[in-house]
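Participant:
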């Protein structure tokens, strides 16, 4: 599709960005509204499934649509993804119980996975790698922008309107995006010689689903060494082995193994995995410091994390243009990862809200510099015919990084918190005083044994108001002990995230930088290539 005019490409990109924003904003707008929705549907016991089902279906859809879009083209899948997402969002608003909500969120997840995979791949169809940089940066900025306005808008809707409008308010945008894609996006003929790898699709699904479930449940619903978690891991490993065997036998594998043996693809995917794991650790646990340690209300805690999104939006767009202008990308990935490490280290030792804001700005700059790079490097390293599967592999690793990172960070958090609580409460004078209190007061104060009570500020205020004046110093002492234990545990979590990002930096150092192609056609690697056509290592340049 490189032959299309710039005006036509620009209008197509506007349609793709509209579809992406529609998908992204519908994810972020739900974050602050979901507790109210779950409460309305009396589904607190199944809360995690609302999140898990979306993650599962979007990840599976991302992987499966990669190869299929290489065969049939991107257009039918973007359109199909929008339709599924619109149907899922519409029906979610009509949910009468938690099980309907879970089902319809699963449909939304399928649509989101298809949209995201097809959209990033479509950019590769429209533009040569050298030109993709600016658009990749803009697309990453779309995610950042949706994360800025989504949570605030979601909270406002549930406070002033019926919760159903959280899912319905952007449906017209989905219709507009569908019409734009339908009328503007070129249709490409199917590759007749290609067959569909049904067996590979089945076993990659059977490998991913139990893996994600195991990491989602381990440490929360089940112990890491429990039979349930071990069986899920075993099932995932067995399915993965069968999948690898199948991919060596079939004519047209859903995930060609030579792609994974490509060093640039492998290092890029692993770097994206680690960066996403570190990013999710920052996003999930920073509110624990803001609300739990510093006692800031949830309404205002979003303003502390907002600078990260703003700095990411700005620097993503700038980075994309610089990559297109210079044709270089490694320097941005390296600098971005180093800034993420700096931001994470600041988080590990922050003591005030202003330091947390600085950490968010630095971390956001790192994200904006680094995250647009790895999809680009993967697409630049493979044949145009493999664009879909390569892009899908990149997004698969990022999704897995986010899920596994949250689970591992959660285990580190709970283990560290238990140890810190035991140590600090044993040495605190407040803990010793509990034995001297009357049974009623001791029972009231027993809720302070759980540090998560720090995140429920109305409950803390009610408890404090109900206690006699002579007990207030004991209450204050226990509260400070809790905050100290939580703060120390968060330091451990952020240092673990820093360690992940240090590994990512090492991988980026070894990432080979090949020239970004100025055409979607692969070069002929002939022995007679002139010196000007060679890269510094003496290999024919891809340009």
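Numbering (my numbering), first residue to last: 5 to 547.
Beta carbons: idealized from backbone N, C-alpha and C, even for Gly.
1) Going by DSSP, what residue range makes up the alpha helix (DSSP H) through residue 501?
2) Starting from the Cα of residue 401, find the closest Cα among 385, 125, 281, 103 and give me that residue.
3) Under a Cβ-count criterion, where at least 16 other Cβ atoms within 10 Å of its own Cβ denotes burial, should residue 403 be classed as buried or exposed?
4) Using three-state DSSP, classify residue 547 as helix, strand or coil.
5) For residue 132, which of helix, strand or coil comes out of DSSP?
6) Whether or not the segment 259-274 and the segment 377-397 are in contact is what I'm after, with contact meaning three or more pairs of Cβ atoms, one per stretch, closer than 8 Å; do they touch?
7) Could you give the DSSP three-state label for residue 2: helix, strand or coil?
8) Near residue 18, which residues of its chain fall below 6 Å by C-beta distance, leaving aside the five closest residues on each side in sequence?
9) State the Cα-Cα distance for the pair residue 341 and residue 469, rounded to the nearest angstrom.
10) Quick one: is residue 422 buried, meaning 16 or more other Cβ sit within 10 Å of its Cβ, or exposed?
11) Given a cut-off of 9 Å, decide if residue 409 and residue 312 are closer than it, judged by their beta-carbon atoms.
12) Mapping the DSSP letters down to three states, classify residue 24 as helix, strand or coil.
13) Let me know the secondary structure DSSP gives residue 353 once reduced to three states.
14) Name the DSSP beta bridge partners of residue 222, please?
15) Tell me the rounded alpha-carbon separation between residue 251 and residue 315.
16) Among 214, 247, 115, 203, which residue has its Cα nearest to the Cα of residue 182?
17) Just to confirm the assignment, what range does the alpha helix (DSSP H) spanning residue 180 have?
18) Less than 9 Å between the C-beta atoms of residue 79 and residue 224, yes or no?
19) Quick check on the burial criterion: 16 or more other C-beta atoms within 10 angstroms. Buried or exposed for residue 54?
20) When you compare the CB positions of residue 373 and residue 349, do they come within less than 9 Å of one another, or not?
21) Using DSSP with H/G/I as helix, E/B as strand and the rest coil, what is residue 191?
22) Does the segment 162-176 come close enough to the segment 350-363 to have 3 or more Cβ pairs within less than 8 Å?
23) Does chain C have any CB closer than 9 Å to the CB of residue 259?
24) Could you give the DSSP three-state label for residue 257: helix, strand or coil?
25) Could you give the residue range of the alpha helix (DSSP H) that holds residue 389?
26) Decide if residue 46 is buried, meaning its Cβ has at least 16 other Cβ atoms within 10 Å, or exposed.
27) Measuring alpha carbon to alpha carbon, tell me which of 320, 359, 242, 85 ends up nearest residue 62.
28) In chain order, what residues of the same chain lie with their CB nearer than 6 Å to the CB of residue 98, ignoring the 5 residues before and after it?
29) Evaluate the contact criterion for the segment 131-149 versus the segment 317-325: three or more CB pairs, one atom per stretch, below 8 Å.
30) For residue 215 and residue 336, what's the separation of their Cα atoms in angstroms?
31) Taking only heavy atoms of the ligand ZN into account, decide whether any of them is closer than 8 Å to the Cβ of residue 473.
32) From the DSSP output, in three-state form, read off residue 165 for me.
33) Buried or exposed: residue 474, going by 16 or more other Cβ atoms within 10 Å of its Cβ?
34) For a quick check, are the C-beta atoms of residue 310 and residue 152 less than 9 Å apart?
35) Output the boundary residues of the alpha helix (DSSP H) element that contains residue 91.
36) What residue from 415, 66, 123 has the CA that sits closest to residue 228's CA?
Facilitator: According to the data block:
1) According to the DSSP assignment, residue 501 belongs to the alpha helix (DSSP H) that extends over 476-513.
2) 281
3) buried
4) With a pLDDT of 36 at residue 547, under the threshold of 50, the modelled position of that residue is not reliable, and the figure given next carries that caveat. Correct three-state label for residue 547: coil.
5) coil
6) yes
7) It is not possible to answer for residue 2, since the shown part of the chain is limited to 5 through 547.
8) none
9) 47 Å
10) exposed
11) no
12) Helix.
13) coil
14) 226
15) 42 Å
16) 115
17) Residues 175-188.
18) No.
19) buried
20) No. Outside cutoff.
21) Coil.
22) no
23) Note that chain C does not occur in the displayed structure, where there is just one protein chain.
24) When DSSP states are grouped into helix, strand and coil, residue 257 belongs to the coil group.
25) Looking at the DSSP string, residue 389 is not in any alpha helix (DSSP H), and its letter there is neither H nor E.
26) exposed
27) 85
28) none
29) Contact holds: three or more Cβ-Cβ distances are below 8 Å.
30) 32 Å
31) Questions concerning the ligand ZN fall outside what the structure shown contains, since it holds no ligand whatsoever.
32) In this structure, residue 165 counts as coil in the three-state DSSP scheme.
33) Answer is exposed; the Cβ neighbour count stays below 16.
34) yes
35) 79-97
36) 415
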